[in-house]
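In the working numbering, the protein residues as written are 87 to 224.
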């Protein structure tokens with residue numbers, strides 16, 4: 087398998103999936119706007135920082151093999167972006183107040199697993215970036 091060719095599309099799709107999963111409560115949770123606002127605002131940048139880095143990841147991974155930037159530089163940038171996205175996701179997850187999380191109605195208990203799932207998904211672009219960097223440096 088040619089990691090240099092496979093890793094960028096995998097990273098772009100994983101970044102997009104991370105952003106889409108991050109947005110699920112915004113789409114699926116009815117009412118309780120103040121709780122949803124507190125949920126998304128937790129952490130140093132809230133969910134906005136994760137979404138911004140995730141969307142930037144989609145664009146960066148998609149342009150990795152276009153030849154506009156040195157591949158080694160792009161690989162380093164992708165790894166840094168992956169670390170930043172994962173760090174923001176973990177900080178957001180750990181900063182969500184339990185009072186806010188458990189104040190949602192019973193039908194939204196799946197939110198207990200939303201932040202950990204988002205954080206786990208944020209690790210996939212980092213793994214793709216690391217694979218791409220490994221393939222480029224060889």
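Every residue gets a Cβ at the ideal spot worked out from N, C-alpha and C, and that includes glycine.
- Item | For residue 153, three-class secondary structure by DSSP | In the structure shown, residue 153 sits in coil (DSSP, three-state: anything other than H, G, I, E or B).
Do three or more CB pairs link the region 150-160 to the region 203-214 at distances below 8 Å?
At 8 Å Cβ cutoff, the stretches do not touch.
Span separating the alpha-carbon of residue 218 from that of residue 137: In this structure, the straight-line span from the alpha carbon of residue 218 to that of residue 137 is close to 22 Å.
Spatial neighbours of residue 169 in its chain, beta-carbon cut-off 8 Å, leaving aside the 5 residues before and after: 212.
Quiz prompt | Beta-carbon contacts of residue 93 that lie in its chain and below 6 Å, excluding the five residues immediately before and after | solution = 214, 217 and 218.
When burial is assigned at 16 or more other CB atoms within 10 Å of the CB, is residue 185 buried or exposed?
-> Around the beta carbon of residue 185, fewer than 16 other beta carbons sit within 10 angstroms, so the residue counts as exposed.
Taking all protein chains shown into account, do 16 or more other C-beta atoms lie within 10 angstroms of the C-beta of residue 104, making it buried, or fewer, making it exposed? Buried.
Do residue 90 and residue 210 have their CB atoms nearer than 8 Å?
-> When the beta-carbon positions are compared, residue 90 and residue 210 stay at least 8 Å from each other.
Is it a yes or a no for the region 121-135 touching the region 186-203, going by three-plus beta-carbon pairs under 8 Å?
-> With the cut-off at 8 Å, the region 121-135 and the region 186-203 touch.
Going by beta carbon distance, what residues of the same chain come within less than 7 Å of residue 180, once the five residues before and after it are set aside? By the criterion of a C-beta distance shorter than 7 Å, residue 180 is surrounded by no residue of its chain, once the five residues flanking it on both sides are discounted.
### Query
To which residues of the same chain is residue 102 closer than 6 Å at the C-beta, ignoring the five residues directly before and after it?
The residues 144, in chain order, have a CB closer than 6 Å to that of residue 102 in the same chain once the five nearest residues on each side in sequence are set aside.
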